[in-house]
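6 protein chains.
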Amino acid sequence: MERVKTGIAGLDKMLNGGIPLHRHVAVYGGPGAGKTSLAFEYLYQGAKEGEGGIYITLEETEEDLVANMKNTFPMFSDIDALIQSKKLEVVKPDKLQMEDVANILEDRITSNEVKRAVIDSATMIRLSFKEEIEYRQTLFEFLSLLRNLDCTTIVTVEATSPRKEAIVFDIEHFVMDGIINLYNLDREERRIRALEVFKMRGSDHSRDLVPFKVTPSGIKVYVGERVF
Amino acid sequence: MERVKTGIAGLDKMLNGGIPLHRHVAVYGGPGAGKTSLAFEYLYQGAKEGEGGIYITLEETEEDLVANMKNTFPMFSDIDALIQSKKLEVVKPDKLQMEDVANILEDRITSNEVKRAVIDSATMIRLSFKEEIEYRQTLFEFLSLLRNLDCTTIVTVEATSPRKEAIVFDIEHFVMDGIINLYNLDREERRIRALEVFKMRGSDHSRDLVPFKVTPSGIKVYVGERVF
Amino acid sequence: MERVKTGIAGLDKMLNGGIPLHRHVAVYGGPGAGKTSLAFEYLYQGAKEGEGGIYITLEETEEDLVANMKNTFPMFSDIDALIQSKKLEVVKPDKLQMEDVANILEDRITSNEVKRAVIDSATMIRLSFKEEIEYRQTLFEFLSLLRNLDCTTIVTVEATSPRKEAIVFDIEHFVMDGIINLYNLDREERRIRALEVFKMRGSDHSRDLVPFKVTPSGIKVYVGERVF
Amino acid sequence: MERVKTGIAGLDKMLNGGIPLHRHVAVYGGPGAGKTSLAFEYLYQGAKEGEGGIYITLEETEEDLVANMKNTFPMFSDIDALIQSKKLEVVKPDKLQMEDVANILEDRITSNEVKRAVIDSATMIRLSFKEEIEYRQTLFEFLSLLRNLDCTTIVTVEATSPRKEAIVFDIEHFVMDGIINLYNLDREERRIRALEVFKMRGSDHSRDLVPFKVTPSGIKVYVGERVF
Amino acid sequence: MERVKTGIAGLDKMLNGGIPLHRHVAVYGGPGAGKTSLAFEYLYQGAKEGEGGIYITLEETEEDLVANMKNTFPMFSDIDALIQSKKLEVVKPDKLQMEDVANILEDRITSNEVKRAVIDSATMIRLSFKEEIEYRQTLFEFLSLLRNLDCTTIVTVEATSPRKEAIVFDIEHFVMDGIINLYNLDREERRIRALEVFKMRGSDHSRDLVPFKVTPSGIKVYVGERVF
Amino acid sequence: MERVKTGIAGLDKMLNGGIPLHRHVAVYGGPGAGKTSLAFEYLYQGAKEGEGGIYITLEETEEDLVANMKNTFPMFSDIDALIQSKKLEVVKPDKLQMEDVANILEDRITSNEVKRAVIDSATMIRLSFKEEIEYRQTLFEFLSLLRNLDCTTIVTVEATSPRKEAIVFDIEHFVMDGIINLYNLDREERRIRALEVFKMRGSDHSRDLVPFKVTPSGIKVYVGERVF
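Protein chains in written order, with the working numbering: chain A, 2 to 229; chain B, 2 to 229; chain C, 2 to 229; chain D, 2 to 229; chain E, 2 to 229; chain F, 2 to 229.
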């Protein structure tokens with residue numbers, strides 16, 4: 002099985018080498034859990050290795066996102082260069098519509114040799130629908146389209162509670178090929194970041210909950226360490 | 002009472018020999034709990050013994066599902082051969098409609114000597130309805146149709162929480178003849194897989210919660226072992 | 002006060018002799034809790050004593066239900082004979098409508114000397130209504146009709162959680178004359194069956210939670226024993 | 002302050018002598034908690050002392066209710082006599098409408114010297130409305146009417162959970178002058194009955210939770226005893 | 002900052018002297034928590050000091066409310082005198098409409114030198130709306146009106162649970178200037194009354210939970226004592 | 002990265018120097034948690050340093066808000082002066098509409114050299130919509146507008162529970178650049194104020210829960226101290 006390295010060493014180890022090629026993974030967690038950082042580093046590490054990536058942001062502007070990532074990862078000194086060379090593209094669609102997102106993706110993947118994509122976040126699209134059923138159908142059709150494209154995708158999904166016990170599975174968990182849960186856990190009056198690979202179709206993976214940090218030189222996943 | 006062996010040794014023991022013939026069993030669990038693996042192995046083991054099987058996938062494409070299963074079970078070296086010989090068929094209907102699923106099933110069972118069927122998942126059909134009542138009627142009618150066919154079926158159902166305490170019973174639990182619950186439990190910062198036979202009409206069965214693993218050579222159910 | 006023996010020794014003891022004549026009792030529990038077995042044995046034991054009984058099944062076919070009960074209770078060797086002699090009748094109405102159920106009941110009770118009836122389950126009827134209010138009115142009218150008939154009825158009701166603490170009372174609990182709760186409790190990684198008589202209008206009754214088993218020779222209720 | 006003795010010794014003590022005259026009290030509890038028994042004894046004890054009472058039953062028939070109460074309280078040997086002498090009347094309105102209940106009450110109170118009334122239960126009326134708002138307005142208007150009549154009323158209200166912690170207050174708790182909570186508590190695998198006076202406008206009252214029993218000679222409230 | 006003494010010694014101490022002048026405070030608690038008693042004493046103590054007060058009752062009749070308060074506070078021997086002298090007025094509007102309440106308040110405050118007002122309860126108005134949004138707008142407009150009047154107001158609000166942990170904040174908590182929570186807590190099978198000042202805009206206040214009692218001579222707040 | 006000092010020493014330390022310039026932060030907490038005090042001090046401290054600020058109040062009148070803040074912070078003796086010099090402006094829009102809020106902001110920021118803005122609260126706008134979807138779109142568009150203005154904004158958001166475990170994330174948490182949670186925690190029958198920086202895009206920050214107080218000379222955040 003071919004795999005796409007996320008470039009985050011500990012995470013690739015947990016994934017037995019990376020995300021299976023052409024699979025589509027949900028990164029699920031509450032606000033501040035690190036979803037955007039993880040998704041961005043996935044593209045950045047790919048771009049450094051020559052794999053084109055596109056980041057579709059539905060919440061922040063392109064400028065804010067890039068500025069935030071440069072601040073979050075000051076050691077990633079070549080972000081601007083990668084953007085200029087089109088290895089890394091950040092796009093904010095004019096409208097909050099899955100159709101626009103799909104068109105942009107399709108266009109870039111066929112014409113720009115993009116191999117990695119991020120959609121941040123599916124929740125913004127969900128919240129733009131009045132009826133859940135319409136979102137579900139849209140997401141389902143979008144996934145069908147993705148399955149025909151030559152790319153490996155991370156879709157961020159917002160959790161509605163910081164508590165691990167309060168996870169509620171929904172359509173995104175059912176249709177995506179994999180789920181990586183990010184937590185912002187409460188340990189003796191401190192928030193501790195932790196992650197687990199919850200589901201990965203067709204691939205064995207670590208089943209541990211492990212602490213991680215967002216550091217200036219990238220995300221560090223502490224495989225083998227305990228959270229509590 | 003005639004029984005259909007699942008071919009998963011520990012599970013057949015828990016079921017007192019297998020699923021009662023012509024009964025229809027829900028395999029219920031959250032994302033990543035192992036529903037697809039269990040359902041696929043049920044068909045695979047039957048096909049190896051000469052019993053035709055059909056896997057109706059409503060989430061993944063046929064290609065992805067087969068690739069995932071070959072990766073999950075590398076020791077099942079004859080999957081392709083069984084597919085080629087039509088002993089094992091994987092179908093993705095064009096539409097998310099119970100009627101299509103029913104037509105495919107009816108057709109294959111009468112013409113292809115299919116004895117085992119899997120529908121993965123009922124939840125995808127549920128989510129395609131705007132009104133719950135329509136889903137219920139559709140499921141009910143579908144079950145009525147199944148009861149007239151010469152096959153023994155597994156229907157996967159998505160749980161909305163990983164916690165055993167949070168099970169909520171719904172229409173699928175009420176109308177299906179049996180329920181096998183799969184869990185992805187939280188044990189000291191590790192996810193542990195466990196299962197129980199929760200209901201099996203007309204048959205005694207184990208009432209234990211037991212750990213299981215998805216291994217390269219098939220699912221192993223550790224009857225008699227403790228989860229915690 | 003005249004009473005109808007259920008024929009399940011421990012249960013009759015808990016009920017101070019049986020269900021009060023012409024009263025209508027809900028048997029409430031989750032899937033796999035033993036509702037169908039208990040309701041069927043109630044009819045079977047009556048039929049053996051010469052009291053005609055009718056089982057209205059809204060989930061399973063007549064054939065499946067009888068086959069399942071013969072498998073569940075292999076020592077009840079005269080089930081077929083009782084069915085042939087019309088002492089025990091199993092009927093599946095064409096439609097999921099309370100009106101049909103009512104007509105069948107009325108017809109059999111007046112013409113066939115039926116004294117015991119089972120409706121399995123009220124929940125199937127509930128789920129066939131789009132609006133709760135319509136179900137409530139239908140159930141209420143149905144109960145009014147039942148009160149004019151010369152029979153003692155068990156109506157099964159599906160619980161939506163296996164946890165004893167999660168019981169939610171609803172219309173069936175309010176309008177029925179009695180409630181017997183069946184549980185499938187979690188005791189150290191085993192499911193243990195337990196029951197309690199929760200309500201019985203006009204009659205004293207045991208207020209204990211007691212374990213029970215579904216055995217080949219009938220349901221055994223272990224009065225005086227502890228569950229945990 | 003004038004008070005109406007319930008005739009249940011322990012309860013009258015907890016109420017500092019009885020229910021304040023012309024006040025309207027909710028008796029709140031789950032199925033099997035003893036609401037009907039308590040409400041009926043309130044009327045029975047009044048009738049024995051010469052105070053006319055009317056029991057409006059919305060769930061059971063008049064015949065069933067009287068039969069049940071005679072079975073529940075075999076030592077109340079004069080129930081039939083009190084009914085014949087019109088000191089105690091049990092009425093089931095043709096329809097589930099507050100208006101009918103109001104008309105019956107108004108008629109009996111003015112013409113029959115009725116001083117005590119029971120409505121069993123407000124929940125049946127609630128469940129007959131499609132919209133909560135209509136029930137609320139109806140209940141509110143009904144209370145306004147009651148306040149102009151020369152009677153002291155008990156209205157039973159169904160709880161939806163047996164757990165004391167799960168009480169949810171609703172419109173009946175807000176508009177009624179008093180609330181007596183009945184519980185069917187879980188104590189080491191036994192159901193124990195307990196009650197508390199939760200609210201009584203314009204009157205001091207016990208604030209204890211106390212056990213009670215429904216005995217052949219009437220309800221016994223064990224003031225000063227502990228439940229657990 | 003000018004303050005209005007509630008006249009309840011312990012409470013005034015907790016409030017650092019009283020309710021800030023022209024502010025509007027929610028008294029929040031379940032049925033039987035003592036909301037009406039506290040609100041009434043606030044007016045009574047003001048009237049004794051010469052400050053006119055108006056009590057707008059939306060649940061009880063004027064007669065019942067006054068009778069109940071005379072029974073609750075037998076030592077307040079001059080209630081009738083204060084009512085006769087118009088220092089204390091109790092009004093029940095004909096309709097459950099905020100507009101009526103507003104008109105009455107506006108009229109009395111400008112013409113009768115009313116300085117203190119009570120509205121008991123906001124919940125009754127809420128329950129009279131079919132749509133929450135209409136209630137919110139009405140309450141919001143009503144608060145705007147209040148802010149232009151020369152009075153200091155207590156509005157009672159019904160809680161839906163007796164448990165302190167189950168507080169749910171809603172529109173009343175957001176728009177009112179202050180919140181005093183009253184509890185009817187469960188302590189070893191007794192209900193214990195306790196209160197806390199939860200919010201008071203522009204004023205420091207005690208942040209303790211303290212026990213209180215409704216005694217014949219008025220409410221006693223036991224500042225410095227523990228509840229459990 | 003340029004930062005805007007809140008002027009609250011402990012908080013600026015937790016934020017690694019202040020709120021990132023041109024970012025928009027939600028201050029989230031229940032009633033009485035200190036949201037208004039924190040947001041106001043943010044403007045006040047800016048005004049003292051010469052940065053113009055505008056406070057848009059949707060709950061209180063301008064007069065009440067200013068009076069409350071002068072009472073809360075008696076040591077901020079120059080509030081009136083700052084208001085007179087237009088360094089600090091408090092505005093209550095005529096209507097509860099995001100459009101009005103946007104117009105006021107846009108106008109002041111371009112013409113008055115306003116650099117800091119507060120909107121108190123987003124919840125008031127939310128509650129003015131009948132449909133959630135409309136609020137979401139409005140908030141989203143409003144954020145888009147804010148992103149084009151030269152200001153750094155605090156938006157207060159009302160929590161619906163005082164319990165830290167009961168946080169529910171919603172649209173405001175997803176679209177805002179940062180979240181500061183304020184709590185009013187229950188510690189041995191006292192309410193203790195605590196805060197945490199939960200999310201801050203593009204910036205590292207403290208991940209501790211720390212106690213804070215609203216004192217006459219401003220908010221004191223006790224970095225390094227424990228709450229329990």
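For each residue, glycine too, the CB sits at the ideal point set by N, CA and C. Values in this document were obtained by computation on a predicted structure and should not be read as measured data.
Collapsed DSSP secondary structure at residue i in the structure displayed
i              : result
M201 (chain C) : strand
R208 (chain B) : coil
N17 (chain F)  : coil
E166 (chain C) : helix
L89 (chain E)  : strand
D95 (chain B)  : coil
D81 (chain A)  : helix
F143 (chain E) : helix
Y223 (chain D) : coil
Inter-residue Cα distance where the pair is residue i and residue j
i              : j              : result
T37 (chain A)  : D121 (chain A) : 7 angstroms
R208 (chain A) : K165 (chain F) : 28 angstroms
E114 (chain B) : L150 (chain A) : 36 angstroms
E1 (chain B)   : V228 (chain B) : This structure does not reach residue 1 (chain B), given that chain B is present from 2 up to 229, and the question cannot be answered.
G225 (chain B) : Y136 (chain B) : 38 angstroms
N104 (chain E) : A34 (chain E)  : 29 angstroms
P163 (chain A) : Y184 (chain A) : 7 angstroms
T161 (chain E) : H174 (chain D) : 9 angstroms
R127 (chain D) : V91 (chain D)  : 21 angstroms
M201 (chain D) : A118 (chain E) : 24 angstroms
P94 (chain F)  : V5 (chain A)   : 53 angstroms
Q138 (chain E) : K131 (chain F) : 11 angstroms
Residue of the options minimising C-alpha distance to residue i
i              : options                           : result
L89 (chain A)  : A:D79, A:Q98 and A:L97            : A:D79
E74 (chain F)  : F:V228, F:P217, F:E226 and F:K221 : One detail in the question is off: residue 74 (chain F) reads as Phe in this sequence, not Glu. Ranking F:V228, F:P217, F:E226 and F:K221 by Cα distance to F74 (chain F) puts F:P217 first.
V28 (chain A)  : A:V222, A:M177 and A:E189         : A:M177
P212 (chain C) : C:D65, C:F141 and C:L12           : C:L12
K116 (chain E) : E:I220, E:G8 and E:L22            : E:L22
R148 (chain C) : C:S112, C:L106, C:D187 and C:F130 : C:L106
F143 (chain D) : E:K71, E:D171, E:K221 and E:E61   : E:E61
I180 (chain D) : D:H206, D:R191 and D:A167         : D:H206
I110 (chain E) : E:I55, E:E133, E:I134 and E:N69   : E:I55
I168 (chain D) : D:G31, D:D108 and D:K14           : D:G31
V215 (chain E) : D:K221, D:I220, D:V215 and D:S204 : D:S204
Presumed contact (8 angstroms Cβ cut-off) between residue i and residue j, rounded CB distance
i              : j              : result
V158 (chain F) : A123 (chain F) : 5 angstroms
L44 (chain D)  : M125 (chain D) : About 18 angstroms separates the two Cβ atoms, so there is no contact after all.
L16 (chain F)  : V198 (chain F) : 6 angstroms
S145 (chain F) : L97 (chain F)  : Going by Cβ atoms, the distance from S145 (chain F) to L97 (chain F) rounds to 20 angstroms, so no, they are not a contact pair.
V102 (chain B) : I172 (chain B) : No, V102 (chain B) and I172 (chain B) are not in contact; Cβ-Cβ is about 16 angstroms, not under 8 angstroms.
Checklist entry - At which residue ranges does the stretch 100–137 of chain D contain complete alpha helix (DSSP H) runs of 4 or more residues, listed in the order of the chain? => result DSSP runs (the alpha helix (DSSP H)) wholly in the stretch 100–137 of chain D: 123–128.
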